[in-house]
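S.K.: Shown below is the structure under consideration.
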Amino acid sequence: MKYSYSYALDSGVVLGGIGTGSIEIRADGRFYDWTIFNNGSYAERQEIRRVYYLTQNDFFTGIRYGNKVRILQAYDYYFGASPYYTPWLRPIKSLEYIGEPPFAFLNFKDDFEVRLKAFSPFIPHDLKNSSLPVAIFEYEVDKDSNFIVGIKNPFESGRIEFKRDTLVFSGEVTSKDPRYGGNLCIKVVGSPWLAKADNFPLFKEWNEFREKGYISTSQGDKWGFIGNRNKKFIVILGWYFPNHLTANGKKIGHYYENFFNNCLDVVNYAEENLIYLEKMTNEFHDALYNTRGVEDWIADLVGSQLTTLIKSTWLSKDGNFYIWEGYYQTSDERKVGEHPYTDGPVNTALNTIDVSTYFIYTLTVLYPQLAKNLLLTSSRSALSYDNPLYIFYSLAMPENRSKYVERVIKDPSIPSSIEKLLQTVKEIAKETGKDPRGRIAHYIYRDLKFDEYGRNDLNPEFVLMWGLVSKYTGDIEFMKSLYPVAKEAMESVLRTHSYEGLIYSRLPSGFEWNRQVFSYFKDVNIYDNLFLVVSLLGIDSFHMSVNTFDDWTTVGINSFVSLLGISALKILNELGGDKYNVENALSLYESMLWNGEYFDLWYDPISGYRDKTCQASQLLGEFYLNLLGYSLLDKEKTRKTLLSIIKYNLKEEEGVINGAYPDGYRPLMREYENPLKIKEASIHQDTPWSGVEFYLASHLIYEKMIDEAKKVLKEVYDRYSIAGNFWNHWEWGSHYSRPLSSWLIIPAYLGLIYDGVNRVLTLDPAIEELSWIIVLPDFWGRINVNKGKAEIKIIEGKAVLKKIDIKGKKIIRIVADGKVVDGDIIAEKEIIVEYE
């Protein structure tokens, strides 16, 4: 006997709505990682982060096709199936799985075939219907057959009720239980039979299904069953679990509570609106995956990361949006000690600014209100005088601390009064100019509190995101309301960590440096404290110069961070009317870092130290400006840098590593080629991050460097297609949020730049013939570009434009909804642009 086997179960298409909790349907046809109960990796509360009330062994679909009975799973004999007791009850022989989020298409193959289309509604701009706590399963077979769905009651001492065509599962639990006040429903469209039992599997009942096509037992509340006879079998799984609590017990709930009171409301709504929900989700799917001019595998790669927008998000009852930086996958059977093999944040890490910078475009066009909400929430983190951490970060800087010590020597009572202490620190910061007020926090931590302020890339990144969201949405009020926060964020870092207008990094600026200096004192008990060692041996008492590559130490002018800073100043000039001397800053930046091929990783003008690493994200700031129609660097430098990244950083069977030396030296766990003498270099330089690779590929495509971009994307594709990881990209945890930047590939192919304030759409397609999806904050649809004509078929929304520009082409005629226009372009159906 010969079997051919390939493991493909690491991930699958995620089902559920934005912020509802989810389940995954994977390539064996089973349902994994049930977090719809506010439990498991989805939860903040540590006591339930490893708790799962349903597993892949607790839910199944079966079929009686003629005289054959099958469990629709490519798994072992289970759910009563046995080659000994019930040899006629078998798992399916094989299964073909196609994952195209938001859909999963399964073809169960035996002596007959059963097709399944599984999905949850996902409709750009329609947040209500994209955040439904529902999963829909449509089974089809070529003749009338008997179907059965079985599910274990997720409540240990619960009850199962029959409500016409729906099974309702509920139970009594304490108010701290994440299932409190909630219930689970399974509805079958049509006229189903319903049953329940205490013990399962039951051979008697399976035999009844074999003979009659249904189960009639109604004794017990441990398992529920529902089914009917048809060629098409439609199942709607809906849930309502409002008891989503933070670690301290504060209830944040779910957005869906604004529309529903229980799971019956959910499944009935889904059935009543099924035609619309399926039609619009199909329209989105077809526009995304049915391409011309773009290979199918690229469209697959772009769509793959939409799973994270479901898997890793919270959407509270009051509409606040949160997304996990990385997913601490506790349901994974692989472990390193007690931790998941994929690692991730043990405690809460939401809306991480440096990571969001890579994917905010995706949110902005798909669900603009979520992008705005993320930034509004982050804006409230800006460091202020009434935050005790203001004292902490002010005194971390030696310029302030030395004066503070002088004052305390003269007046030892200062630390004994918080009022006096704060006043003293404010006076010192004013005197030195080293005032950290306005710094942006890293992420949202436990109980929705803000984390630390130790990263100097967060400030320009906040400004760049503010600029992009403001410009694309055209929301002037939003732009004005956050402008003071954005401006103060940049002013803050310029006051405290800059060198002649460039952001300047000083020690401690990487966690690897911490480990090294701490190792000197590991055997001395009194100094067995990392914070104390770092505070004594660094320039700042603790981190104020870390960036998104936080384990990787840089000093002085960092090419990635400093270009973000100059780009942020450019945005403030353009949107806020400021007068920052961007030209001088850029000139100094280039003189210090440009080496003829790319910008060196860092140079310290004070010590003279330098590191010549070629960094993959060094042009992110320039890319942001390009998305808004601006630029800093001349095209020659941009293209040379991008080509250098491909030359040095792109490694076969690895991908684009974050940093590479031109001589090929790989410093992992060895010294860097710089004078800092760090003995064990971080993995951050030597590893590929798909979120960075998606950005890089997008930048390459915008520059018409298509072949180079495809090489980057193919490495990502090959790396993550193995073992079923395709829908689950790793970094600090699984379902990492940075790779949501995959969506940038779409506007890159279109050469799309949008000015929502002035209502100008610019297109510069990367290839001559192209058909793909187009999504902007006001409308979305399908665009076809071919032989002097661009046609936009609007599926949802309304285009209100002042101008459409095809870069480098002369516009001959524009037709909007069938009418030739010579002015404002207003359309709800179609726009045709003819050019030459």
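The opening residue of the sequence shown carries number 598 in our numbering; numbering runs sequentially from there.
Idealized CB from N, CA, C, for every residue including glycine.
(1) Locate the beta strand (DSSP E) running through Ile-660, then write down its first and last residues.
(2) By the 10 Å Cβ neighbour count, where 16 or more other Cβ atoms means buried, how is Ile-660 classified, buried or exposed?
(3) Compare the Cα-Cα distances from Phe-1291 to each of Val-1309, Ser-717 and Ile-668 and report the closest residue.
(4) Closest by CA to Ile-833, which one among Leu-781, Lys-847, Gly-850 and Tyr-811?
(5) Do Gly-1153 and Tyr-1080 come within 8 Å of each other at the CB atom, strictly closer than that value?
(6) Is it right to say Tyr-1117 is buried, meaning 16 or more other beta carbons lie within 10 angstroms of its own, or is it exposed?
(7) Can you tell which of Phe-709, Phe-657, Ser-608 and Tyr-777 has the C-alpha that lies nearest to the C-alpha of Gly-696?
(8) Would you call the CB atoms of Ala-1435 and Val-864 closer than 8 Å?
(9) Contact check, Ile-920 vs Thr-910 under 8 Å by CB: the rounded distance?
(10) Could you check what DSSP says for Leu-1451 in three-state terms: helix, strand or coil?
(11) Would you mind giving the Cβ-Cβ distance between Ser-1156 and Leu-1198, rounded to the nearest angstrom? I have them listed as a contact below 8 Å.
(12) Please say whether Lys-914 and Ile-812 have beta carbons closer to each other than 8 Å?
(13) Please classify Tyr-682 as buried or exposed, where buried requires at least 16 other C-beta atoms within 10 Å of its C-beta.
(14) Specify the secondary structure class of Leu-1216 as computed by DSSP and reduced to three states.
(15) Should the stretch 818-826 be regarded as contacting the stretch 778-795, the criterion being three or more beta carbon pairs within less than 8 Å?
(16) Do Tyr-1069 and Tyr-1351 have their beta-carbon atoms positioned less than 8 Å apart in this structure?
(17) Sort Leu-606, Gly-1173 and Arg-1092 by Cα distance to Trp-1063 and report the nearest one.
(18) Rounded to the nearest angstrom, what separates Ser-1089 and Ala-1306 at their Cα positions?
(19) Does the beta-carbon of Met-994 have 16 or more other beta-carbons within 10 angstroms, so that it is buried, or is it exposed?
(20) Where does Asp-625 land, buried or exposed, given buried means 16+ other C-beta within 10 angstroms?
(21) Which residues mark the beginning and the end of the beta strand (DSSP E) in which Glu-1430 is found?
(22) How many whole angstroms separate the CB atoms of Thr-632 and His-1332, which I take to be in contact at a CB cut-off of 8 Å?
(23) Going along the chain, which residues of its own chain have a beta-carbon closer than 7 Å to the beta-carbon of Lys-1150, five neighbours each way excluded?
(24) On a Cα-Cα basis, can you pick out the residue from Glu-1233, Val-1060 and Gly-835 that is closest to Gly-1162?
(25) Here's the rule: buried if 16 or more other CB atoms are within 10 angstroms of the residue's CB, otherwise exposed. What is Lys-1007?
(26) Name, in chain order, the residues that DSSP records as bridge partners for Ala-1278.
(27) Check whether the Cβ atoms of Arg-998 and Ser-1228 sit closer than 8 Å, and answer yes or no.
(28) If you check the beta carbons only, do Asp-951 and Leu-1055 fall under 8 Å apart?
(29) In three-state DSSP terms, what is Asn-827?
(30) Measuring only the C-alpha atoms, how far is Glu-1328 from Glu-1433?
(31) Roughly how many angstroms lie between the CA atoms of Arg-667 and Arg-807, to the nearest whole one?
(32) Once you ignore the five residues that flank Leu-1065 on each side, which residues in its own chain have a CB closer than 8 Å to its CB?
(33) With a threshold of 7 Å on Cβ separation, who are the neighbours of Ile-1454 within its own chain once the five nearest residues in sequence on each side are excluded?
(34) Per the contact definition of three or more C-beta pairs closer than 8 Å, is the stretch 1395-1410 in contact with the stretch 1353-1371?
(35) Quick one: what does DSSP say Lys-1407 is sitting in, helix, strand or coil?
(36) Sort Val-1005, Lys-1031 and Ser-754 by Cα distance to Glu-996 and report the nearest one.
M.R.: Answer, in terms of the structure:
(1) Element bounds for Ile-660: 656-662.
(2) In the assembly as shown, Ile-660 is a buried residue. Its beta-carbon has 16 or more other beta-carbons within 10 Å.
(3) Nearest C-alpha to Phe-1291: Val-1309.
(4) Taking only the C-alpha atoms, the option nearest Ile-833 is Leu-781.
(5) No; because the gap between Cβ atoms is not below 8 Å, this pair is not in contact.
(6) By the 10 Å Cβ count, Tyr-1117 comes out exposed.
(7) For the residues Phe-709, Phe-657, Ser-608 and Tyr-777, the minimum Cα distance to Gly-696 belongs to Ser-608.
(8) In this structure the chain extends from 598 to 1433, so residue 1435 is not present and cannot be described.
(9) Taking the Cβ atoms as the reference, Ile-920 lies roughly 5 Å from Thr-910, within the contact range of under 8 Å.
(10) As shown, the chain starts at 598 and ends at 1433. That puts residue 1451 outside it, with no answer to give.
(11) About 6 Å separates the Cβ atoms of Ser-1156 and Leu-1198, confirming a contact at the 8 Å cut-off.
(12) Going by C-beta atoms, Ile-812 is not nearer than 8 Å to Lys-914.
(13) Counting every other CB atom within 10 Å of its CB across the protein chains shown gives Tyr-682 a total below 16, marking it as exposed.
(14) In this structure, Leu-1216 counts as coil in the three-state DSSP scheme.
(15) A contact is defined here as three or more CB-CB pairs under 8 Å, and the stretch 818-826 meets this definition with respect to the stretch 778-795.
(16) At a Cβ-Cβ threshold of 8 Å, Tyr-1351 and Tyr-1069 count as neighbours.
(17) Comparing C-alpha distances from Trp-1063 to each of Leu-606, Gly-1173 and Arg-1092 shows the shortest one belongs to Gly-1173.
(18) Separation of Ser-1089 and Ala-1306 (C-alpha to C-alpha, rounded to the nearest whole angstrom) is 37 Å.
(19) That one is buried.
(20) So Asp-625 counts as buried.
(21) Note that residue 1430 is Val in the sequence shown, not Glu. Bounds of the beta strand (DSSP E) holding Val-1430 are 1427-1432.
(22) At roughly 11 Å, the Cβ-Cβ gap does not stay under 8 Å, so Thr-632 and His-1332 are not in contact.
(23) Per the sequence shown, the amino acid found at residue 1150 is Thr instead of Lys. Only Ser-1106, Gly-1107, Glu-1109, Trp-1110, Leu-1273 and Ile-1275 meet the Cβ criterion.
(24) Proximity to Gly-1162 across Glu-1233, Val-1060 and Gly-835 peaks at Val-1060, based on C-alpha coordinates.
(25) Exposed, since its Cβ has fewer than 16 Cβ neighbours within 10 Å.
(26) Its beta-bridge partners are Leu-1265.
(27) Remark: C-beta atoms of Arg-998 and Ser-1228 do not approach each other more closely than 8 Å.
(28) A contact, by the Cβ cut-off of 8 Å.
(29) It is a strand residue.
(30) Taking the CA atoms as reference points, Glu-1328 sits about 45 Å from Glu-1433.
(31) Computed Cα separation, rounded: 10 Å.
(32) Only Ile-957, Tyr-958, Thr-961, Tyr-1221, Leu-1224 and Leu-1225 meet the Cβ criterion.
(33) Here the chain comprises residues numbered 598 to 1433, so residue 1454 is not present and cannot be evaluated.
(34) Enough Cβ pairs lie closer than 8 Å, so yes.
(35) Shown here, Lys-1407 sits in coil according to DSSP, grouped into three states, outside any helix or strand.
(36) Nearest C-alpha to Glu-996: Lys-1031.
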